[in-house]
Amino acid sequence: MVIERRELFIDGAFTPSDSSERIEVRSPADGQIVGSVPEANLTDLDRAVAAARRAFDEGPWPRLTMAERAEQLGRVHGELNGRQAELAALVTEEVGTPISFSTMVQAMVPMMFLDYYVNLGRTYATEDVRPGMLGPSIVVQEPVGVVGAIVPWNYPFYLTLAKVAPALLAGCTVVIKPAPETPLDIYLLAEAVEAVGLPPGVLNVLPAGREVGEALVGHPGVDKISFTGSTATGRRIMGICAESVRRVTLELGGKSACILLDDADLDLAVPGAVQAATLNSGQTCVAQTRLLVPRARHDEVVERVVALFDAMVVGDPRDPTTTVGPMVSARQQERVLGYIDIGEREGAKVATGGGVPSGLAGGHYVEPTVFVGVDNGMRIAQEEIFGPVLAVIPYEGDDAAVQLANDSIYGLSGAVWSGDTERGVALARRIRTGSFAVNGLGMNLAAPFGGFKQSGIGRELGPEGLAPYLEYKSISVPGDYVAS
Ligand code: NAD
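For the sequence shown, my numbering begins at 2 and goes up steadily by one.
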C-alpha cells in the first residue's frame, strides 16, 4: 500500500502545504514507492514557527506543571503504543532496517523513551529555595522556549522521540524537521498528538530538506536547536546558532572502538563486537567499527569475525530472518563502496565482503565487509563510513589499546571485553567517549547519552536529556520569604 500524505501538521491540525512539491519515499530494498508527503517550504516554516511561538508565549502548555504535562504525554504514549507493529514495518520500508531489529529499536525503544520521561516528569522538582549571603534565592527551571528539532534518517522515530519527549515535558513547543528520506513515520506522532488534543502549536511537523532545515536553525522565532546528524552539518548549525547565541544541542557522528583485551572470552566478545559493528546494517552513530585486538590473538579473532560476517543474512529487510538490509539510498551505497575502495587503495586487505551481493538487484545492498591490515591513521579507521564495514586493528598492551581508541576526532561510544570486569571498568575510565560498555552492548535510557569531542555537545536520555530544554532562573527574595 502506498501512503499518500496530503497535509502538514501545523498549529494542532493537518493543514495543506503552501508548496506543490512532494517528497517521494522509495524502498531501499527494491525501489518501489512507499509513499509521499508534501515538501514544506519557507512559508510553511514561518507558519509553523509562528504557531509554536504563540503556543509558547500565550498558550497553556508552558504554564502547566511538569506533572500535568507528563499526564498528557502519557496519553500520547497510550495512542502510539498500540501502533508499534505498524511503526516498525513503516520504518523498515523507509530505512531498510531488518524488521526483527526495527520491532525492537525503531518502535519499542521510542515508546520506552516516552514512558521514561512521563515517569520522570511526575516527580521532577522544577524549583528549590537556597539560602544565600544576602537572603535566599528561588532557583526555577523554566522551559527554554520554541525548539527547532532536526533529525536524520537512520533511527527516525527513535531520534524524534529522544528530542520531543523531553522538550514537551519541559514545557517547550517544537517544530520538527524529519529527514527527507524518512518523512512518513512522524505522521503517527502527529496523529497521536491530535487525538490527545495537545494545545495547538505545541508540536509542528515539517518534512523538508536542507534549505528549510537551515532556515529553521536561523529563524528568529526559535530559541533552541536540537540537532542529530553528521558532524559536518553540526558544525554549520553551530556556526549559525553562534550568531544569535541560540542554544544548541548536537548529537553527531562517531568512529567508536571495540577493544578485546587479552583475557576476553571470545565466545562472548566476538559475537558482541560483530553485532555492535553492524547494528542497522552499520548505519548507526554508535557502531563500533574499529575492532582493536591483541596482536597475539589477531588471527584467531579474525577467523571468528569473518565466519560471523559470512553467516549474516543479507536481503529483504521485511523478511524476519534477514540480519543485514540495504543501505538507505543509492548515494549511501555509493559512499560505502567508495570507502571500501579507499581502504584497498590505502593498503588494507579485504578479509571478506568488499562488493555488492549478487542476486539482490534493485536494492542498495553492500556485502558485510571486514578489513584487516588496517593502520589507525587510515581514512577507513578515522572517517565514519556508515555501512557494514569493520576495520580490525592489532595492538600490543592495554596502553596502546587506549591510545588507539582515543586517536579519533570523535568520542561517542565504544566497548571493552575482558574476563575481568574490574579491569574492563578501569580501562573504560580512560576512554574519551560519552558512553562506553563493559562486556556488553550498553543501552540505558536513564543514563545520559552524547558525544565527547566532535561527536557532539550536550546529552540526551536520563534527567540530563531534560536539562537542555530548561533554563535556570534565580529569584532573590527577602529572608522572610516562605515557599508556597
Ligand atoms: P545529515 O547531517 O546529512 O542530515 C541530518 C538532518 O539534517 C537531515 O534532516 C537533513 O535534512 C538536515 N540538514 C542537512 N543539512 C542541513 C543544514 N545545513 N541545516 C539544517 N539542517 C540540515 O546526516 P544524515 O546523513 O542524515 O545522518 C547520518 C549522520 O547522523 C551520521 O553522521 C550519524 O553518525 C549521525 N547520527 C548521530 C547520532 C547521535 O546521537 N550522535 C544518532 C544518529 C545519527
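Glycine is no exception: its CB is placed at the ideal position from the N, C-alpha and C atoms.
- The beta-carbon distance between V271 and V306, rounded to whole angstroms, is 6 angstroms. This is short enough to meet the 8 angstroms contact definition.
- Sequence-distant Cβ neighbours of A448 in its own chain, meaning closer than 8 angstroms and more than five residues away, are S436, L462 and G463.
- Cβ contact annotation for E22 (same chain, cutoff 8 angstroms, sequence separation greater than five): P39, E40 and N42, in chain order.
- Beta-bridge partners of W62 (DSSP): none assigned.
- In the same chain as G316, and ignoring 5 residues on each side of it, the C-beta atoms closer than 7 angstroms to its own belong to T323 and L361, in chain order.
- Cα atoms of V314 and G451: separation of roughly 31 angstroms, rounded to the nearest angstrom.
- Taking the CA atoms as reference points, F453 sits about 27 angstroms from M328.
- Following the DSSP letters along the chain, one finds E25 inside the beta strand (DSSP E) bounded by residues R23 to R27.
- The alpha carbon of G363 has as its nearest neighbour, out of R27, S20 and A86, the alpha carbon of R27.
- If you check the CB distance, V337 and V367 come in under 8 angstroms.
- Less than 8 angstroms divides the Cβ of S20 from the Cβ of D45.
- If you check the C-beta of R247 against the ligand NAD, you find no heavy atom less than 7 angstroms away.
- With contacts defined as CB atoms closer than 8 angstroms, A288 and A297 fail to qualify as a contacting pair.
- Secondary-structure assignment with DSSP links L261 through a beta bridge to W418.
- Judged by DSSP in its simplified three-state form, K474 adopts strand.
- Between the ligand NAD and R76, a heavy atom-to-CB distance of less than 7 angstroms is absent.
- Between N440 and S419, the gap from beta carbon to beta carbon is short of 8 angstroms.
- In this structure, E5 keeps its C-beta atom at 8 angstroms or more from the C-beta atom of P17.
- When the alpha-carbon of Y482 is set against those of R54, A89, G133 and T93, the nearest one is in G133.
- Secondary structure at G240: helix, using DSSP grouped into helix, strand and coil.
- Under the DSSP definition of a beta bridge, F10 partners with F15 and V206.
- Classified as buried, Q333 has 16 or more neighbouring CB atoms from the shown chains inside 10 Å of its CB.
- A residue is called buried once 16 or more other Cβ atoms fall within 10 Å of its Cβ, and A53 is buried on that count.
- The C-alpha of T104 lies about 13 angstroms from the C-alpha of M113.
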